[in-house]
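Q: Position one of the sequence shown corresponds to residue 24 (the working numbering), numbered consecutively onward. For glycine and all other residues, C-beta sits at the position ideal for the given N, C-alpha and C.
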Amino acid sequence: MDTQGLAERAKVRWTKVPKKVLAFYYGWYGNPQVSGRWVHWHEVDEANKRIGSSTHYPQLGPYDSHDPKVVEQHCRWAREAGIDGFIFSWWQPNDFHDQGLPLLLDTAQRFGLTVTAYFETVPNNDRTKALSDVLYLLERYGRHPAWLKLDGKPVLFVYGRAIGQIGLGGWLWVISEANKRYPGGAVFIGDQTSRRAARVFDGIHTYNITGETQGKSPDAIRAWAERAFSEWVAMAGDGRIACVTIIPGYDDSKLPDRPPPRPITERHNGATYRVLWEAALKANPDWVLITSWNEWHEGSEIEPSVEQGDREWKTTAEFAPKFKRLPMRSPRLHSAAITESERQKLRNALRNIPIALLPGSDSEGVWFLLEVGVTPVEVSWAQVIDPQTFNPQKFPITVYGAGEVYQPTVKEPNDVLMALRRYVEAGGTLMVLPSAPMPFHYDRAMERGRAVHHAPQLGLPLQVAWERPPAGQTLTFAVRDEKAFPHVPKRFPFPEDGDTRWRPLAPQAGIVPLVELVDAQKRSHGIAVGVVPVGNGRIVYAWFRLLDMPISEGLLYDLWHLAQK
24 MDTQGLAERA KVRWTKVPKK VLAFYYGWYG NPQVSGRWVH WHEVDEANKR IGSSTHYPQL
84 GPYDSHDPKV VEQHCRWARE AGIDGFIFSW WQPNDFHDQG LPLLLDTAQR FGLTVTAYFE
144 TVPNNDRTKA LSDVLYLLER YGRHPAWLKL DGKPVLFVYG RAIGQIGLGG WLWVISEANK
204 RYPGGAVFIG DQTSRRAARV FDGIHTYNIT GETQGKSPDA IRAWAERAFS EWVAMAGDGR
264 IACVTIIPGY DDSKLPDRPP PRPITERHNG ATYRVLWEAA LKANPDWVLI TSWNEWHEGS
324 EIEPSVEQGD REWKTTAEFA PKFKRLPMRS PRLHSAAITE SERQKLRNAL RNIPIALLPG
384 SDSEGVWFLL EVGVTPVEVS WAQVIDPQTF NPQKFPITVY GAGEVYQPTV KEPNDVLMAL
444 RRYVEAGGTL MVLPSAPMPF HYDRAMERGR AVHHAPQLGL PLQVAWERPP AGQTLTFAVR
504 DEKAFPHVPK RFPFPEDGDT RWRPLAPQAG IVPLVELVDA QKRSHGIAVG VVPVGNGRIV
564 YAWFRLLDMP ISEGLLYDLW HLAQK
């Protein structure tokens, strides 16, 4: 990951963002009357009002997204419901979707609405193609009066699939290049609710929440949403655009390529949508996103249907004005984990120590350094295997902030692994602050990323403890060295959701446990943060989720304070 690019993104600060209600919109429908064929509608039975691939039947019937009358009705309904604009599912230049975008933009302009694109996919996982498609959207549509803008900059949403195809590092490059090449730059909202994504993008969101709401009662949905929505807003932070996503329900069981069981969220006669709106108002994000206006295949639409009527449309009209009357988000008045004088002291100490950054590092451990004002030196894997270039004298501290994939071989088998081990044994400090559960686990050069699990060979005895925590357990992190971690609570809970794959240090002779996971009976479930002596050096390890939790600022301060000693 480009440290200069990261440093530039660290300067981005969005404040006083106007409240918006936006709905995900699909322009992929066609019928024989307008487009000469059925597009995205399957097994249509107009007489009995049934569509084989859709959960519900539109009040407008199996319409065509290129029909001006349909688009006009959509915009009229949206305006009457208090929706500010649509997030248009976009795939590639000049395809069926793209051909309908000018009509939607022109119609939206007449109704005082805005439109932006949902960047769905990256062809061939090629970041240069992602950039060319982004520039196509910006240059062709970005200046349209109806395109969604913030401070005059056109806004783009990026779907999680597209993020996964080239990674956050790839999108950091795309965003940096797009902002250089498109006059005035643009605003990018990424589909990933993580602090790392909030560092790269201008804002964060999630497309679908049915994974968390499936099978739940309205009360259970409310309890989950009140906690999750506030966490999402906090995760975006003071300088990024915070979005909360609500759904009326979800049922994609009609799709033949999605075998059961499906993650169905019942509508509960409209109660699901209402409790999610109420939770959204409590969280007070910048933007509320509705999934969806018309994703008929997944049964998540709020567009009026034969089965559901206009119930969710009316609910939107009830809650959207309430949300937009809320005050704009202001910087949180909270007590920081560390003071500015402590930050300055750490900056002064670390600036005098050359720090090497291994390839692919983009975890919160790296971002913390950049925000403190310390820029590490990027080293390549080829440099790592050169003892004249990479050694403890030149770099007393080295950071591994990547995920599970690394490159163990440059010239000879496992020469990178051996070079890292040699570095630590010679007196170096290796800070393993990963962005995924098991560092040094996959060889990126092998097809499909073959598992090599090199952490133990490096001297880091990590265990595969569980994928999800045992049911019924109350798990708590306990600080074992309070002098080393004065800025971390003595006890704090294990995360309830998200990626909970637990990869602790195995207790072995010589390992210094700093933070340990224990249950209600005080039984240990492994070491979350620890120092592992290796030869004349040491490896400092922290479980990846600790870097993305509310305690992370204090934890990272204490870890870096420990590293420079």
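With three or more beta-carbon pairs closer than 8 angstroms as the criterion, would you say the region 53-61 touches the region 253-264?
A: Contact between the region 53-61 and the region 253-264 is absent, because fewer than three Cβ pairs lie under 8 angstroms.
Q: Taking C-alpha atoms, which residue in 119, 191, 230 lies nearest to residue 221?
A: For this step, residue 221 is matched to residue 198 along the sequence shown. The shortest Cα separation from residue 221 among 119, 191, 230 belongs to 191.
Q: Classify residue 349: buried if its beta carbon has 16 or more other beta carbons within 10 angstroms, exposed otherwise.
A: The residue given as residue 349 occupies position 326 in the sequence shown. By the 10 Å Cβ count, residue 349 comes out exposed.
Q: Is it buried or exposed for residue 468, if we count other Cβ within 10 angstroms and need 16 for buried?
A: Along the sequence shown, read from residue 1 onward, the residue named residue 468 stands at position 445. Per the 10 Å Cβ criterion, exposed.
Q: Between which two residues does the alpha helix (DSSP H) harbouring residue 91 extend?
A: In the sequence shown, counting from the first residue as 1, residue 91 sits at position 68. Residues 91-103.
Q: Return the residue from the list 200, 404, 148, 274 that minimises the CA-CA distance to residue 78.
A: For this step, residue 78 is matched to residue 55 along the sequence shown. Of the listed residues, the one whose Cα sits closest to residue 78 is 274.
Q: What residue range is occupied by the uninterrupted beta strand (DSSP E) comprising residue 177?
A: Here residue 177 refers to the residue found at position 154 of the sequence shown. That run of the beta strand (DSSP E) goes 176-181.
Q: Could I get the ranges of all uninterrupted alpha helix (DSSP H) runs contained in the region 101-149, with 4 residues as the minimum, in chain order?
A: 119-133
Q: Return yes when the Cβ of residue 380 is within less than 8 angstroms of the Cβ of residue 399, no when it is not.
A: For the purposes of this step, residue 399 is identified with residue 376 of the sequence shown, where counting begins at 1. For the purposes of this step, residue 380 is identified with residue 357 of the sequence shown, where counting begins at 1. Yes. Within cutoff.
Q: Within a Cβ cutoff of 6 angstroms, which residues of the same chain sit near residue 529, ignoring the five residues on either side of it in sequence?
A: Taking the sequence shown and counting its residues from 1, one reaches residue 529 at position 506. In the same chain as residue 529, and ignoring 5 residues on each side of it, the C-beta atoms closer than 6 angstroms to its own belong to 484, 486, in chain order.
Q: What residues in its chain sit with their C-beta under 7 angstroms from that of residue 241, if we drop five residues either side in the sequence?
A: The count along the sequence shown starts at 1 and reaches residue 241 at position 218. Here the set comprises 291, 294, 295, 298.
Q: Identify the residues that DSSP records as bridge partners of residue 161: which are they?
A: Locating residue 161 in the sequence shown gives position 138, where the first residue counts as 1. Paired residue(s): none; residue 161 is not in a bridge.
Q: In whole angstroms, give me the CA-to-CA distance for residue 431 and residue 439.
A: By one-based count along the sequence shown, residue 431 stands at place 408. By one-based count along the sequence shown, residue 439 stands at place 416. Answer to the nearest angstrom: the Cα atoms are 5 angstroms apart.
Q: Quick check on residue 536: does DSSP put it in helix, strand or coil?
A: For the purposes of this step, residue 536 is taken as the residue at position 513 of the sequence shown. DSSP places residue 536 in strand when its eight states are reduced to three.
Q: Quick check on residue 68: does DSSP put it in helix, strand or coil?
A: The residue you call residue 68 lines up with position 45 of the sequence shown. Residue 68: strand per DSSP, three-state reduction.
Q: Is residue 179 closer than 8 angstroms to residue 139 when the C-beta atoms are compared?
A: For this step, residue 139 is matched to residue 116 along the sequence shown. For this step, residue 179 is matched to residue 156 along the sequence shown. It is a contact, given that the beta carbons lie within the stated cut-off.
Q: Given residue 107, which residues of its chain have a CB within under 7 angstroms of its CB, disregarding the five upstream and five downstream residues?
A: Taking the first residue of the sequence shown as position 1, residue 107 is located at position 84. Answer for residue 107: 43, 44, 45, 136, 137, listed in chain order.
Q: Beta-carbon within less than 6 angstroms of residue 131's beta-carbon, same chain only, minus the 5 sequence neighbours each way: which residues are those?
A: The residue you call residue 131 lines up with position 108 of the sequence shown. So the list reads 98, 138, 169, once near-sequence residues are dropped.
Q: From this set, 279, 248, 59, which residue's C-alpha is nearest residue 267's C-alpha?
A: Sequence index remark: in the sequence shown, residue 267 carries index 244 (1-based). Nearest of 279, 248, 59 to residue 267, Cα basis: 248.
Q: For residue 560, report the span of its beta strand (DSSP E) as first-last.
A: Along the sequence shown, read from residue 1 onward, the residue named residue 560 stands at position 537. Unbroken beta strand (DSSP E) run through residue 560: 560-565.
Q: Pick from 537, 209, 89: whose alpha carbon is nearest that of residue 121?
A: Here the question's residue 121 lines up with position 98 in the sequence shown. With distances taken between Cα atoms, residue 121 lies closest to 89.
Q: Identify whether residue 543 lies in helix, strand or coil by the three-state DSSP scheme.
A: Locating residue 543 in the sequence shown gives position 520, counting from the first residue. Of the three classes helix, strand and coil, the one that applies to residue 543 here is coil, per DSSP.
Q: Taking the C-alpha atoms as reference points, what is the distance between residue 264 and residue 301?
A: For this step, residue 264 is matched to residue 241 along the sequence shown. For this step, residue 301 is matched to residue 278 along the sequence shown. When rounded, the distance between both Cα atoms is 20 angstroms.
Q: Which one of 581, 533, 76 has the shortest CA to CA distance from residue 276?
A: Residue 276 sits at position 253 when you count from the first residue of the sequence shown. Residue nearest to residue 276 within the set 581, 533, 76 is 76 (criterion: CA-CA distance).
Q: Just the Cα atoms here: how many angstroms apart are residue 357 and residue 363?
A: Within the sequence shown, the letter at position 334 stands for residue 357. Within the sequence shown, the letter at position 340 stands for residue 363. Any answer about residue 357 is weak, because its pLDDT of 46 lies below 50 and its placement is not dependable; what the coordinates show is given next. Rounded to whole angstroms, residue 357 to residue 363 spans 14 angstroms at the Cα level.
Q: Just verifying my parser: in three-state terms, what is the DSSP assignment at residue 356?
A: Mapped onto the sequence shown, residue 356 falls at position 333. Legend: pLDDT at residue 356 = 47, less than 50; position of this residue unreliable, value from coordinates given subsequently. If DSSP states are grouped into helix, strand and coil, residue 356 belongs with coil.
Q: Quick check: the Cα distance between residue 536 and residue 182, rounded to an integer number of angstroms?
A: Position 513 of the sequence shown, counting from 1, holds the residue named residue 536. Position 159 of the sequence shown, counting from 1, holds the residue named residue 182. Approximately 39 angstroms, taken between the alpha carbons.
Q: Checking the sheet assignment: what are the DSSP bridge partners for residue 454?
A: Residue mapping note: residue 454 aligns to position 431 of the sequence shown, counting from 1. 422, 563.
Q: Take residue 566 and list the residues in its own chain whose beta-carbon comes closer than 6 angstroms to its own, dropping the five residues that flank it on each side.
A: In the sequence shown, residue 566 corresponds to position 543, counting from 1. 551.
Q: Report the residue ranges of all beta strand (DSSP E) runs contained in full by the region 442-513; include only those spanning at least 3 residues, in chain order.
A: 452-455, 499-502
Q: If you count every other CB in all the chains shown that lies within 10 Å of the CB of residue 326, and 16 or more means buried, which is it?
A: In the sequence shown, residue 326 corresponds to position 303, counting from 1. Buried.
Q: To the nearest angstrom, report how far apart residue 319 and residue 508 are at their CA atoms.
A: Locating residue 319 in the sequence shown gives position 296, where the first residue counts as 1. Locating residue 508 in the sequence shown gives position 485, where the first residue counts as 1. Residue 319 and residue 508 have their C-alpha atoms some 51 angstroms from each other.
Q: Which of helix, strand or coil does DSSP assign to residue 214?
A: Walking along the sequence shown from the start, residue 214 turns up at place 191. Strand, per DSSP.
Q: Which runs of the beta strand (DSSP E) at least 3 residues long sit entirely within the region 321-387? Give them in chain order.
A: Qualifying beta strand (DSSP E) stretches, in chain order: 378-380.
Q: Between the beta-carbon of residue 446 and the beta-carbon of residue 413, is there less than 8 angstroms?
A: Locating residue 446 in the sequence shown gives position 423, where the first residue counts as 1. Locating residue 413 in the sequence shown gives position 390, where the first residue counts as 1. The answer is yes: Cβ separation under 8 angstroms.
Q: Inspect the CB distances between the region 448-458 and the region 385-394 and report whether three or more fall short of 8 angstroms.
A: yes
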